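Here the structure comes first, spelled out in structure tokens, and everything after it is commentary.
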Amino acid sequence: MKRIIVAIDGYSSSGKSTMARQLAAIIGYTYVDSGAMYRAVTLYALRHGMATPGGALDTARLVESLPEIAVTFSRSAEGAQHTMLNGVDVESEIRGMEVSEMVSPVAAVPEVRRHLVKLQQGYGVEKGIVMDGRDIGTTVFPEAELKVFVEASPEVRARRRVDELTAKGVKVDYDEVYANVCERDRIDTTRAESPLRKADDALVLDNDRLTREQQMEWLLERFRERVGE
Ligand code: CDP
Numbered sequence: 335m336k337r338i339i340v341a342i343d344g345y346s347s348s349g350k351s352t353m354a355r356q357l358a359a360i361i362g363y364t365y366v367d368s369g370a371m372y373r374a375v376t377l378y379a380l381r382h383g384m385a386t387p388g389g390a391l392d393t394a395r396l397v398e399s400l401p402e403i404a405v406t407f408s409r410s411a412e413g414a415q416h417t418m419l420n421g422v423d424v425e426s427e428i429r430g431m432e433v434s435e436m437v438s439p440v441a442a443v444p445e446v447r448r449h450l451v452k453l454q455q456g457y458g459v460e461k462g463i464v465m466d467g468r469d470i471g472t473t474v475f476p477e478a479e480l481k482v483f484v485e486a487s488p489e490v491r492a493r494r495r496v497d498e499l500t501a502k503g504v505k506v507d508y509d510e511v512y513a514n515v516c517e518r519d520r521i522d523t524t525r526a527e528s529p530l531r532k533a534d535d536a537l538v539l540d541n542d543r544l545t546r547e548q549q550m551e552w553l554l555e556r557f558r559e560r561v562g563e
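Yeah, the sequence shown ends on 563 if you go by my numbering, and it's all consecutive.
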């Protein structure tokens with residue numbers, strides 16, 4: 335069967351990662367969470383004093399350090415994907431608010447983007463991949479056979495993120511998460527280098543109105559059309 339590239343883009347907390355991960359598991363493709371890579375670089379910057387939460391970012395030092403930042407993925411026995419920073423599992427650290435608050439400024443640095451986009455493109459060489467992010471259909475894989483752009487209101491997305499963090503035992507405040515979601519949308523859509531936007535040939539999925547099951551059904555149908563099944 336023909337193997338393709340599936341690109342899923344959208345705003346923060348739009349549910350695209352869950353959807354992309356589920357799709358990959360069903361169709362037997364590799365899943366890559368490109369946002370986790372930006373988050374890992376952000377964690378590195380925080381740990382090395384190049385960024386202070388809610389504060390300034392030392393772009394020059396971060397760019398200089400890029401060759402020393404290795405971001406990879408490992409899979410646990412249960413099949414869960416873990417993000418590794420220089421060989422150490424940082425999966426839970428990269429999901430916290432500290433990283434969420436600094437990730438969009440870090441991801442707006444052109445050199446950071448070029449460094450990670452190159453790594454991301456490497457994952458797609460053999461196709462058979464589902465990748466989610468902000469610029470997958472526009473910059474990383476403009477030739478992807480199936481592109482989906484996920485939309486949902488900021489209120490729904492903030493509520494979802496609060497529930498997700500609460501389920502993990504992390505205490506968060508709805509207003510703080512809502513503000514972060516809106517601020518990241520603003521930075522991600524207005525940055526100069528590959529801003530978040532729908533690719534012209536992407537299909538829009540409005541996930542305010544669909545259940546998870548309906549979404550997956552819709553996505554699987556589109557996938558089957560593309561592979562000619
Ligand atoms: O938290 P959420 O799932 O919404 O976001 P994420 O996918 O983990 O991405 C975190 C941040 O990384 C985004 O807000 C963007 O600033 C940046 N990002 C990006 O610029 N390009 C990508 N392909 C993926 C993420």
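A virtual CB, placed ideally from N, CA and C, is assigned to each residue, including glycine.
None of the values given here were measured: they were computed from a predicted structure.
Item	Value
Stretch-stretch touch, CB-based, cutoff 8 Å, three pairs: the stretch 444 to 456 with the stretch 395 to 406	yes
Heavy atom of the ligand CDP within 7 Å of A526 beta-carbon	no
Straight-line Cα distance separating L480 from R531	16 Å
Under the three-state DSSP convention, the category T386 falls into	coil
Cβ contact check for the stretch 350 to 362 and the stretch 548 to 555: 3 or more pairs under 8 Å	yes
Contact test: A441 Cβ vs the ligand CDP heavy atom, cutoff 7 Å	yes
S368 vs G467 beta-carbon contact at 8 Å	yes
Residues of its chain near A404, where Cβ-Cβ distance is below 6 Å and the 5 sequence neighbours each way are ignored	N420
Closer than 7 Å: I463 CB and nearest the ligand CDP heavy atom	no
Chain-order list of residues whose beta-carbon lies under 7 Å from that of I521 (same chain, five-residue window excluded)	S438, P439, A442
For K461, three-class secondary structure by DSSP	coil
7 Å Cβ shell around I428 - same chain, five flanking residues per side excluded	A370, R373, A374, L377, T417
Classification of A414 by the beta-carbon crowding that lies within 10 angstroms, buried from 16 upward	exposed
Exposure label - Y508; buried when at least 16 CB within 10 Å	exposed
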